[in-house]
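Q:
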Amino acid sequence: MLRRSFIIFKGVGEKRERDLWNAGFMDWNELQPEITRFNSDAGEEIERAEAKYRQRDAAYFASLLRPCERWRLLSDFRDETAFIDVELDGANRYSRPAMVGIMRNGRYTCLVSGVDLDRDELSRRLHGAKLLVCYNGQRHDIHFLHLILPRIENGFAVIDLLPVCRKLGLNGGLKRVERLAGIERERFVELAAGRNAVRYWKEWKRTGRKAFLNILMRYNREDTCNLEPLAREAERMMLSKMTEGI
Numbered sequence: 001m002l003r004r005s006f007i008i009f010k011g012v013g014e015k016r017e018r019d020l021w022n023a024g025f026m027d028w029n030e031l032q033p034e035i036t037r038f039n040s041d042a043g044e045e046i047e048r049a050e051a052k053y054r055q056r057d058a059a060y061f062a063s064l065l066r067p068c069e070r071w072r073l074l075s076d077f078r079d080e081t082a083f084i085d086v087e088l089d090g091a092n093r094y095s096r097p098a099m100v101g102i103m104r105n106g107r108y109t110c111l112v113s114g115v116d117l118d119r120d121e122l123s124r125r126l127h128g129a130k131l132l133v134c135y136n137g138q139r140h141d142i143h144f145l146h147l148i149l150p151r152i153e154n155g156f157a158v159i160d161l162l163p164v165c166r167k168l169g170l171n172g173g174l175k176r177v178e179r180l181a182g183i184e185r186e187r188f189v190e191l192a193a194g195r196n197a198v199r200y201w202k203e204w205k206r207t208g209r210k211a212f213l214n215i216l217m218r219y220n221r222e223d224t225c226n227l228e229p230l231a232r233e234a235e236r237m238m239l240s241k242m243t244e245g246i
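All the letters of the sequence shown, read from the start, carry residue numbers 1 to 246 under the UniProt record's numbering.
(1) Going along the chain, which residues of its own chain have a beta-carbon closer than 7 Å to the beta-carbon of residue 106, five neighbours each way excluded?
(2) Return the CA-CA distance between residue 35 and residue 20, expressed in angstroms with no decimal places.
(3) Go through its chain and collect everything with a Cβ distance to residue 2's Cβ below 7 Å, but skip five positions before and after it.
(4) Take residue 227 and list the residues in its own chain whose beta-carbon comes closer than 6 Å to its own, dropping the five residues that flank it on each side.
(5) Does the Cβ of residue 240 have 16 or more other Cβ atoms within 10 Å, making it buried, or fewer, making it exposed?
(6) For residue 147, name the three-state secondary structure that DSSP assigns.
(7) Just how far apart, CA to CA, sit residue 81 and residue 11?
(8) For the UniProt domain "YprB ribonuclease H-like" (83-232), which segments carrying the alpha helix (DSSP H) assignment without a break, of at least 4 residues, lie completely within its bounds, in sequence order?
(9) Given that a residue counts as buried once 16 or more other Cβ atoms are within 10 Å of its Cβ, and exposed if not, what is residue 70?
(10) Give me the DSSP bridge partner(s) of residue 36.
(11) Using the Cα positions of residue 167 and residue 207, report the straight-line distance between them to the nearest angstrom.
(12) Does the stretch 107-114 come close enough to the stretch 92-99 to have 3 or more Cβ pairs within less than 8 Å?
(13) Count the other CB atoms within 10 Å of the CB of residue 244; is the residue buried (16 or more) or exposed (fewer)?
(14) Within 10 angstroms of the Cβ of residue 130, are there 16 or more other Cβ atoms? Answer buried if so, exposed if not.
(15) Within 10 angstroms of the Cβ of residue 137, are there 16 or more other Cβ atoms? Answer buried if so, exposed if not.
(16) Since residue 142 and residue 152 are thought to touch, with beta carbons under 8 Å apart, how far apart are those beta carbons, to the nearest angstrom?
(17) For residue 223, tell me which candidate among 177, 210 and 238 has the shortest Cα-Cα distance.
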């Protein structure tokens, strides 16, 4: 999808992009000389885009797209994507990450504060990733991950599914949006944890009982792993909406 995303070039908005698709243009390299009619720098911009694409520089393309349009990166960087979710140790602005869930290429990892959640381990788990996918992550996950790995966004493209889903009319928190998208959760975990996540963490720290930690880890696993089908469904819906009638 990225190579047919012409809105990364100056002078091209969603309407003009759709007009170009209707005219049969489906790749950057096909745009010249058409695009130079309204963008005299198009040749240089396309050349730069080609170079950045070869370098697998997802962050460059993310910088050219509004947050609600960054889903366009998913298919081109699918094997270099990390889905990420953070559970906190409290419910205020002084809270810190208690648990970080990461899923890459179908494999889930949970890093726990006081066990293995530190800068070196987080860096190792994210090594080679180009995209970080989250839900409400710009305000939550990425914000709090700065406490462990400062400037975590450097070198990554962040796809926050919240603005993407809102553009599709899927509004609300992650659990509600999952239901709207047809994604089911394990009922026991949803009922047992949910709003009690912080309490379970505090009980684990107070008592050392693994049962509390295990429930929280199961909850985080669903938060993290459900991001992948949600991203796929949002991508499918966006493509269907944008290409209707073409």
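No residue lacks a Cβ here, since even glycine has one placed at the ideal position from N, Cα and C.
Note that the coordinates shown come from a computational prediction; the quantities given were computed from them, not determined experimentally.
A: Based on what the coordinates show:
(1) Leaving aside the five residues that flank residue 106 on each side, none in its chain has a CB nearer than 7 Å to its CB.
(2) The straight-line gap from Cα to Cα measures roughly 9 Å.
(3) So the list reads 61, 72, 73 and 76, once near-sequence residues are dropped.
(4) The answer, listed in chain order, is 83 and 133.
(5) When all chains shown are included, residue 240 counts as exposed.
(6) If DSSP states are grouped into helix, strand and coil, residue 147 belongs with coil.
(7) The alpha-carbon atoms of residue 81 and residue 11 are separated by roughly 30 Å.
(8) Entirely contained in the UniProt domain "YprB ribonuclease H-like" (83-232), the alpha helix (DSSP H) runs reaching 4 residues are, in chain order, 119-126, 141-145, 161-167, 174-180, 187-192, 197-207 and 210-225.
(9) By the Cβ-count criterion, residue 70 is buried, with 16 or more other Cβ atoms from all chains shown falling within 10 Å of its own Cβ.
(10) The bridge partners DSSP lists for residue 36 come to none.
(11) If you draw a straight line from the Cα of residue 167 to the Cα of residue 207, it is about 44 Å long.
(12) Result yes; three or more Cβ-Cβ pairs closer than 8 Å.
(13) Note on residue 244: under 16 other CB atoms within 10 angstroms of its CB, so exposed under the neighbour-count rule.
(14) Buried, since its Cβ has 16 or more Cβ neighbours within 10 Å.
(15) The residue in question, residue 137, is buried, as its Cβ has 16 or more Cβ neighbours within 10 Å.
(16) Sure, about 6 Å apart at Cβ, within 8 Å.
(17) For the set 177, 210 and 238, the Cα lying nearest the Cα of residue 223 is the one of 177.
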